[in-house]
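Here the sequence shown stands for residues 112 to 336, where the numbers follow my numbering.
Structure record follows, encoded as structure tokens.
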Amino acid sequence: MLKVTDVGKTYGKFTALQDINLEVKDGEFLAIMGPSGSGKSTLINILGLLDQSYTGEYLLENKNYQTVNDNELSQIRGDQLGFVFQNFKLLSTYTVYENIEVPLIYSKKAQNNKHQLIESVIEKVGLKGKEKNLPTELSGGQQQRVAIARAIVNRPKLVIADEPTGALDSKTSKEIMDIFEKLNQDGTTIIMVTHDSEVAEHAMRTVYIRDGRLYNDEKSVKNHD
Ligand SMILES: Nc1ncnc2c1ncn2[C@@H]1O[C@H](COP(=O)(O)OP(=O)(O)OP(=O)(O)O)[C@@H](O)[C@H]1O
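Encoded structure:
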């Protein structure tokens with residue numbers, strides 16, 4: 112799915128990432144853990160094609176997008192990637208159905224069964240009957256379900272989730288993680304940033320970031336400290 116080789120990122124004199132090497136296979140469910148400010152968002156911004164100013168090489172499906180122009184890049188993001196954020200980022204004046212429809216409007220993928228597609232993801236995330244509700248009429252967990260449905264409606268190869276349970280209580284977090292697990296079982300590759308080791312346990316593999324460096328296990332982070 113993707114391969115990161117010796118990637119580094121600086122903000123002026125500050126080094127946010129260095130010597131990052133990471134390979135994610137098709138169908139994997141990877142958790143990225145690390146303290147606040149360690150570089151997690153910086154890394155997933157690169158993986159999610161939201162940031163092209165880095166050193167080293169990043170290949171997504173064997174393709175380097177570092178010099179691709181913004182228009183083409185947003186098309187690729189829309190067609191191949193799904194994003195889920197901590198604070199849901201739903202459109203507040205759009206209904207549940209309309210929020211989920213948005214990626215399909217911008218997509219160049221052929222969609223001749225749009226309505227069916229939207230209904231099937233609504234069912235998958237357990238929101239049947241809520242199609243006409245506005246986000247403000249839903250609980251946090253339900254809003255995150257809408258965000259997940261929106262992220263997967265285009266059948267992306269890769270879903271990137273940044274602290275998707277960060278704003279949810281532990282019972283709701285578990286329900287959201289069950290949805291991600293099912294999604295992964297259905298073949299979607301998932302990369303998820305989390306502070307929460309219980310959440311990371313749902314992933315197949317966890318990597319750790321500390322001070323802009325990536326470690327494959329917790330022990331090597333501690334040795335480094
Ligand atoms: N635009 C920027 N300009 C300068 N420094 C930045 C910028 N964005 C991030 N940083 C710095 O880079 C480091 C890594 O930030 P990043 O947001 O990737 O951390 P994070 O691990 O995602 O943190 P959190 O868990 O709090 O979201 C931080 O020290 C941050 O202050």
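Built from N, CA and C at the ideal position, the CB exists for glycine as well.
Quick caveat, the model's predicted, so the values are computed rather than measured.
Using three-state DSSP, classify residue i as helix, strand or coil.
i	result
K239	coil
E134	strand
K174	strand
Q145	Per the sequence shown, residue 145 should be read as Gly rather than Gln. Reduced to three states, the DSSP call for G145 is coil.
R324	strand
A127	strand
K225	helix
A258	helix
Assign residue i to buried or exposed, taking buried as 16 or more other Cβ atoms, counted over all protein chains shown, within 10 Å of its Cβ.
i	result
P246	buried
E172	exposed
N295	buried
G240	exposed
G252	buried
I216	exposed
P275	buried
S231	exposed
H313	buried
Going by the DSSP bridge assignment, what does residue i pair with across the sheet?
i	result
A272	V195, M303
Y205	According to DSSP, Y205 bridges with nothing at all.
G119	T166
Y319	M144, Y326
L113	V135, L171
Look at the alpha carbon of residue i and the alpha carbon of residue j, and state the distance between them as a whole number of angstroms.
i	j	result
R321	N223	46 Å
E134	K114	4 Å
D190	D181	14 Å
N244	Q129	45 Å
F199	A258	6 Å
G237	K268	22 Å
G123	R316	32 Å
I211	S147	30 Å
N175	I157	11 Å
L160	F196	15 Å
Closer than 6 Å to ligand 1: residues, by C-beta to nearest heavy atom, in chain order = Y122, F125, A127, G145, S147, G148, S149, G150, K151, S152, T153
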